[in-house]
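Chains as they are written, first to last, in the numbering used here: chain A, 37 to 388; chain B, 375 to 990. Think of the CB as a built atom: it goes at the ideal place given N, C-alpha and C, for glycine as much as any other residue. Notes to accompany the following structure.
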Amino acid sequence: MANENMNIDKPKLTAKDFSSGLDVRWCPGCGDYSILAQVQRTFPAMGIPKEKFVWVSGIGCSSRFPYYMDTYGIHGIHGRAPAIASGLKVARPDLSVWVATGDGDLMSIGGNHFIHTCRKNIDLKILLFNNRIYGLTKGQYSPTSEQGKVTKSSPYGSVDYPFNPASLALGAEASFVARTLDRDPKHMQAMINRAAEHKGTAFIEIYQNCNIFNDGAFEVLTDKKSKADNIVVLEHGKPMVFGAEKDKGIVLDGFTPKVVSLADGKHTADDCWVHDEKDPNPLRAFIIAHMTDHEELPTPVGVFRQILKPTYDEGVENQIKGVKEKKGDGSLEKLLYSGNTWVVNGNGEVEK
Amino acid sequence: MAQENGKEVKSVSEVTVMFAGDSGDGMQLTGTQFSDTTAFVGNDLSTLPDYPAEIRAPAGTLYGVSGFQLHFSSNPIHTPGDSPDVLVAMNPAALKINLKNIKPHAVIVVNTDSFDKKNLNTAGYDENPLENDTLAGYKVFQVPITTLTENALEGSPLSIKEVQRCKNFFALGLMYWLYNRPLEPTIEWIETKFKKRPELIDANMKALKAGFYYGDATQLFTTRYTVKPASLPEGTYRNISGNEATAIGFVAASQLSGLPLFLGTYPITPASDILHYMSVYKNYGVKTFQAEDEIAGIASAIGAAFGGSLAVTTTSGPGLALKTEATGLAVMTELPLVIVDVQRGGPSTGLPTKTEQADLMQSIYGRNGESPVAVIAASTPKDCFYMAIEASRIALRFMTPVILLTDGYIANGAEPWKLPEIDELPEINVAPLDESKEFQPYNRDEFLARPWVKPGTPGMEHRIGGLEKQNITGNVNYEPDNHDFMVRLRQEKVDNIAKFIPDLEVDGEQEGDILVLGWGGTYGAITEAVKQMRAAGHKVSQAHMKYLNPMPANTEDVLKKFKTIIVPELNLGQLATLIRSKYLIDVVSHTKIKGLPFRAAEIRSKIEEILGGSNG
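Put into structure tokens, the structure is as follows:
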């Protein structure tokens with residue numbers, strides 16, 4: 037699609053071309069600023085004409101996103117962005133449709149739409165701004181908040197178990213599942229580009245800091261001192277190695293991932309689990325997703341899984357094409373005067 | 375009186391038949407086949423399918439009875455008939471349920487095979503009604519339909535259960551004989567339907583013919599009837615149900631507007647057939663999206679509308695409730711969208727398979743905030759076609775959601791439809807883009823409609839959303855005066871639709887003592903009642919509201935010319951309340967909420983009561 041639409045006569049787009057010029061009203065220091073910046077940096081080089089991009093959002097801090105992008109956009113209602121975007125993409129497969137959403141919007145009120153969008157493999161790019169808190173309603177725990185979270189609505193700690201969004205997406209058969217961090221612009225840009233290139237539902241969970249209601253939620257993963265030891269960056273075909281000195285690796289013992297030292301001479305990188313994002317079996321991707329928030333394991337970021345299968349929207353197009361070839365294009369004449377009709381003549385008599 | 379095969383042939387002008395049996399007995403199919411054949415021989419007709427919500431309710435129960443009532447005539451008719459002249463009862467429960475509705479001296483054909491102890495008990499009969507005086511006064515024909523079907527299919531490779539399932543075709547054949555209908559249309563249907571199972575073609579055809587010849591051969595029946603074709607106007611006809619007409623109407627609107635059609639929906643009784651019909655029209659480019667829930671149904675339609683499709687979502691009352699918030703989004707974003715509500719008995723799950731008109735207030739007012747939408751209603755099965763086009767025409771021209779109300783009765787009921795000439799269909803125009811002005815998403819034309827600029831248009835990138843906005847620019851704006859201005863502006867835009875729709879027409883005297891004012895699916899019963907009153911020498915006028923919000927511009931003038939206005943409705947008086955509050959004109963509210971349509975007699979007696987009162 038991208039190449040067909042490229043207009044070589046036009047001057048090259050820049051990040052500024054994607055800024056709507058409206059005052060951005062997120063709190064100073066919010067992780068959303070970084071997401072907006074990385075999107076505005078990556079969009080110009082995607083080879084897609086600006087007018088073909090559409091941003092769709094629901095409700096929440098994240099969902100103000102479309103207002104700040106100078107593309108087509110709809111700021112929808114709570115939780116329904118995937119459904120609005122699905123209708124748009126099915127009606128207009130020529131468009132590049134992006135969803136900006138949050139952990140309340142997508143994992144709670146919009147959970148049903150999320151799993152069914154993944155299941156149908158509608159060609160949408162879904163960016164989940166996961167700050168593990170309700171921001172716009174001022175600080176209640178969210179469906180991704182850790183158990184025991186003390187908030188305004190859980191003064192004695194939340195009793196809920198949280199969702200693991202990547203695992204949920206995998207369970208719903210999303211064909212592209214990735215994770216990145218607001219404080220790692222380069223990595224986020226890479227993930228956005230990968231999602232744009234993917235044909236099918238592309239889901240990116242972005243760990244995003246809410247500095248007002250849940251500050252530091254991901255600090256251990258973003259802080260310069262701690263991040264190398266607590267994050268493993270997934271790369272297709274490469275062994276899972278991490279640590280400031282690249283001195284740790286992950287091995288798979290049966291179904292159980294374990295951290296081994298690459299410094300004690302017992303293991304080398306060759307012993308480590310080699311990431312295969314194209315594995316048709318989803319099992320290993322689930323194991324990766326469940327390495328999240330684990331005391332003994334680093335949190336994975338990168339592309340967990342990417343598989344290719346026909347999208348819903350192209351299935352619809354193909355079906356229409358097939359039926360048109362078989363039956364011929366419809367017309368008003370055919371529409372009305374087909375089926376079991378009979379004729380009453382001028383004498384009021386019935387003719388066949 | 376003519377004689378044929380030693381049988382008397384009696385000509386009658388109209389007949390109402392009720393086919394009734396267990397929900398698994400195939401009565402809906404029998405009724406539909408009889409209707410199609412009857413339409414085909416040129417009678418006017420009207421049908422009332424009445425079936426339980428359970429797919430296969432326990433056999434023999436009263437609540438499991440499925441009925442199909444059909445009124446056909448050599449004259450124009452408007453209702454499925456107040457009381458059947460003929461009852462075909464496939465079991466004791468079907469007899470018991472329908473006995474109170476049929477005419478005195480009606481013909482009853484019973485399947486005696488099903489009148490065993492178990493079925494009699496289940497139906498609550500202590501004694502067999504065929505053996506005491508329960509049926510005294512009726513013309514009862516006792517036919518062992520199951521046995522005769524089994525005999526006819528002797529040697530069939532089908533299982534005994536499958537053989538017995540063919541008994542509805544035996545009953546149908548017998549009724550075809552009794553009312554002189556040809557077998558060919560049903561034979562053709564059987565051949566197409568069971569193309570892949572020749573043994574079923576053979577069995578059903580044999581059962582059908584056996585029923586037909588049984589009528590001819592048996593001593594039981596001494597008379598058969600003919601109903602001459604109605605003198606319908608010249609033209610091409612087809613038999614149509616409301617749901618099919620709705621589906622075809624949207625496909626036609628797509629063709630007329632040149633816009634692709636998108637249906638986002640979730641199955642719900644009694645609206646699902648619209649989805650079924652529309653999903654066939656792939657070669658018209660129709661995209662049907664069976665969403666994960668009602669909300670996704672409308673939300674996907676909103677997305678498609680933003681993308682430039684003629685977008686539709688279909689539902690029934692509970693689904694309309696779920697679509698409430700998203701309807702508000704379409705109001706706020708000012709996108710064209712048609713929402714079809716095939717009304718059923720409520721509240722909550724209510725009576726899924728029964729009819730009602732109680733969603734009028736929900737449609738007009740049932741959203742948060744001041745959230746005006748256009749509301750229109752179809753009055754007969756074939757009218758659903760025209761109103762689907764009308765809903766599309768308004769939505770596209772005014773950039774507004776339009777709720778189209780139909781109901782279970784007209785959605786499932788069928789009637790012959792004289793097909794329109796293509797050039798009689800209305801033009802459909804979308805809100806124009808004024809190219810002389812700099813593009814702004816909320817610029818306004820003379821009706822206050824905003825331009826519809828679709829994604830993919832270079833240089834006109836814009837954002838819309840559910841937050842309050844500034845007029846013209848569409849930028850988010852929370853200022854008090856702006857909100858006041860925008861609320862009034864959105865209301866004025868919808869009010870402007872009154873300038874775009876036809877006036878309310880009065881049938882009969884334009885002023886006088888009595889006006890019967892209806893809306894929606896009560897049209898047939900009101901028309902019949904008014905016709906009967908006029909035949910008895912009374913002056914009664916009739917008006918039917920197809921546009922409920924806004925109402926036609928001349929509504930108040932029309933109503934003020936009558937001393938008494940009777941408003942029959944299948945709710946607790948919702949239109950009556952609207953008329954009173956809007957025009958300060960009192961009306962006589964005449965209501966029924968039984969899950970069934972009005973009978974003409976129920977409206978006629980109300981008119982008589984008023985006339986009696988005013989005379990005395």
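Item: Closer than 8 Å to chain B by CB, A/A119; Value: yes
Item: Residues bridged to B/S963 (per DSSP); Value: B/V941
Item: Chain-ordered residues of the segment 618-631 of chain B with a beta carbon less than 8 Å from chain A; Value: I622, V625, A626, Q629, L630
Item: Between the CA atoms of A/V92 and B/L725 - distance to the nearest angstrom; Value: 37 Å
Item: Beta carbon proximity, A/L74 to chain B, threshold 8 Å; Value: Residue 74 of chain A is actually Gln in this sequence, not Leu. No, A/Q74 lies away from the interface with chain B (no Cβ there is under 8 Å from its Cβ).
Item: is_contact[B/V389, chain A] using C-beta, thresh 8 Å; Value: no
Item: Under 7 Å (Cβ pairs) to chain A, residues found in the segment 656-679 of chain B; Value: K656, N657, Y658, G659, K661, F663, A665, E666, D667, I669, A670, A673, S674, A675, I676, G677, A678
Item: Proximity test, Cβ basis, 8 Å: B/L841 and chain A; Value: yes
Item: 7 Å Cβ shell around B/N817 - same chain, five flanking residues per side excluded; Value: D808, K811, R824, P825, I846
Item: Top-ranked residue by Cα proximity to A/N247, from A/R341, A/S56, A/Y69, A/F54; Value: A/Y69
Item: Simplified DSSP state of B/A903, which is helix, strand or coil; Value: helix
Item: Own chain partners of A/T180 with C-beta closer than 7 Å, once the 5 adjacent residues on each side are dropped; Value: D139, M143, N166, R168, P198, F199, P201
Item: Residue-level contact to chain A via CB, B/E573, 8 Å cutoff; Value: no
Item: Through-space distance from B/L891 to B/K934, alpha-carbon basis; Value: 12 Å
Item: Nearest neighbour of A/I324, chosen from A/G123, A/T304, A/F249, A/F291 [CA to CA]; Value: A/F291
Item: Beta-ladder partner(s) of A/V277, from DSSP; Value: A/G285
Item: CB contact below 8 Å: B/R837 versus chain A; Value: yes
Item: Within 8 Å, strictly: CB atoms of A/L172 and A/G65; Value: no
Item: is_contact[A/L335, chain B] using C-beta, thresh 8 Å; Value: Residue identity check: residue 335 of chain A is Thr in the sequence provided, not Leu. It does not: the Cβ of A/T335 has no partner Cβ on chain B nearer than 8 Å.
Item: Residues near B/D877 in its chain [Cβ-Cβ closer than 7 Å; skip 5 each side]; Value: P926, A927, N928
Item: Per DSSP, the bridge partner or partners of A/K161; Value: A/W134, A/A238
Item: Within chain B, the residues that A/N368 reaches when beta carbons sit closer than 7 Å; Value: At residue 368 of chain A the sequence reads Leu, which differs from the Asn that was named. What A/L368 touches in chain B: A626, Q629, I796.
Item: Helix, strand or coil at B/M919 according to DSSP, with G and I counted as helix; Value: strand
Item: Whole-angstrom C-beta distance between B/T689 and B/T643, which should lie under 8 Å; Value: Their Cβ separation, rounded to whole angstroms, is 10 Å, which puts B/T643 and B/T689 out of contact at 8 Å.
Item: Members of the segment 99-127 of chain A near chain E, C-beta cut-off 7 Å; Value: No chain E appears in the structure shown, which is made up of the protein chains A and B.
Item: Cross-chain neighbours of B/E608 in chain A, by beta carbon under 9 Å; Value: V379, V380, N381, G382, N383, G384
Item: Distance between beta carbons of B/A785 and B/G616, contact taken as under 8 Å; Value: 4 Å
Item: Buried or exposed (CB count within 10 angstroms, at least 16 for buried), B/A394; Value: buried
Item: Simplified DSSP assignment, three categories, for B/Q664; Value: strand
Item: Closer than 7 Å at the beta carbon, the chain A residues around B/S683; Value: A127
Item: Listed by chain order, chain A residues near B/D410 by CB distance under 9 Å; Value: N376
Item: Cβ of B/S605 within 8 Å of any chain A Cβ; Value: yes
Item: Residue-level contact to chain B via CB, A/D68, 8 Å cutoff; Value: no
Item: Closer than 8 Å to chain B by CB, A/I84; Value: no
Item: Cβ neighbour criterion (16 or more within 10 Å) applied to B/Y655; Value: buried
Item: In chain order, each beta strand (DSSP E) run of at least 3 residues that lies wholly inside the segment 652-726 of chain B; Value: 661-664, 684-689, 711-717
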